[in-house]
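See structure below.
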Amino acid sequence: MLPVLGRPQHAVKAGAAYGDRKSAMTYVVTEACIKCKYMDCVEVCPVDCFYVGDNMLVIHPDECIDCGVCEPECPPEAIKPDTEPGMERWLGVNREYAEAWPNITRKGEPPADADEWKGVPDKFVKHFSPEPGKP
Ligand code: SF4
Ligand code: SF4
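In terms of the numbering used here, the numbers along the sequence shown are unbroken and rise by one, the last being 251.
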């Protein structure tokens, strides 16, 4: 069982400014992010609700305010609303690892081979790393 971390203070403040609430809907990061990790999404999120793993980012479902601004910023189209069919699995992945990985608020250096992994199928099964990343 991975440790559950507290909600970061900055997210609490930002969430309050946007009418803090537990959302019924959220955006989630899917496997297209794995090994791409461009991090354009991080720069635009108004509530800093992205968390970073070794080779993927996730969104904390309770902190996301469903603004949708990150979705078109993602080059491999990895970010989806959880209302789309088949998103239950990704909602679980996002929740589990958002509670285990560190918060990330600034875009870092994408992997040198990020473009080579764009569009590669079955990345979660073959390449997902549960290890935390560096913000
Ligand atoms: S922009 Fe897309 S691929 Fe890049 S880190 Fe965010 S979700 Fe992942
Ligand atoms: S939709 Fe994207 S940008 Fe908006 S709060 Fe959620 S994760 Fe952040």
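Just so you know, even glycine gets a beta-carbon here, dropped at the ideal spot from N, CA and C.
Where residue i and residue j are concerned, what is the direct C-alpha to C-alpha distance, given to the nearest angstrom?
i      : j      : result
Ala148 : Pro248 : 18 Å
Cys165 : Asn219 : 7 Å
Gly75  : Pro188 : The requested residue 75 is not part of the displayed model; the chain covers only 117 to 251.
Pro246 : Lys239 : 13 Å
Lys242 : Glu179 : 29 Å
Cys183 : Thr221 : 17 Å
Phe244 : Val174 : 12 Å
Could you check where the beta strand (DSSP E) with residue i kicks off and where it finishes?
i      : result
Lys196 : Ile195 to Pro197
Val144 : Tyr143 to Val145
Val209 : Taken as a continuous stretch (DSSP letters only), Val209 belongs to no beta strand (DSSP E), being part of the alpha helix (DSSP H) at Glu204 to Ala214.
Val163 : Where Val163 is concerned, there is no enclosing beta strand (DSSP E), given that its DSSP letter is neither H nor E.
Val185 : Segment: none, Val185 is in no beta strand (DSSP E) and carries neither H nor E.
Val236 : Run containing Val236: none; DSSP gives neither H nor E here.
Ile175 : Leu173 to Ile175
I think residue i touches residue j, with their Cβ atoms under 8 Å apart; what is that distance to the nearest whole Å?
i      : j      : result
Cys97  : Cys186 : Past the edges of the chain, shown from 117 to 251, lies residue 97, and the structure says nothing about it.
Pro191 : Tyr154 : 5 Å
Glu159 : Lys223 : 5 Å
Tyr167 : Trp233 : 20 Å between Cβ atoms; not a contact.
Looking only at its own chain, which residues have a Cβ that is under 6 Å from the Cβ of residue i, when we skip the five neighbours before and after it?
i      : result
Met172 : Cys149 and Ile150
Beta-carbon within less than 8 Å of residue i's beta-carbon, same chain only, minus the 5 sequence neighbours each way: which residues are those?
i      : result
Pro177 : Ser139, Thr142, Val144, Asp198, Leu207, Asn210, Arg211 and Ala214
Counting only the same chain and skipping the five closest in sequence on each side, list residues whose C-beta sits under 7 Å from that of residue i.
i      : result
Thr146 : Ala194, Lys196 and Trp206
Ends of the alpha helix (DSSP H) at residue i?
i      : result
Tyr154 : Run containing Tyr154: none; DSSP gives neither H nor E here.
Phe240 : Lys239 to His243
Asp231 : Ala230 to Trp233
Any chance the region 192 to 202 sits against the region 219 to 229, with 3 or more Cβ pairs inside 8 Å?
Using a Cβ-Cβ distance cut-off of 8 Å, the region 192 to 202 and the region 219 to 229 are not in contact, since fewer than three pairs of beta carbons, one from each stretch, lie closer than that value.
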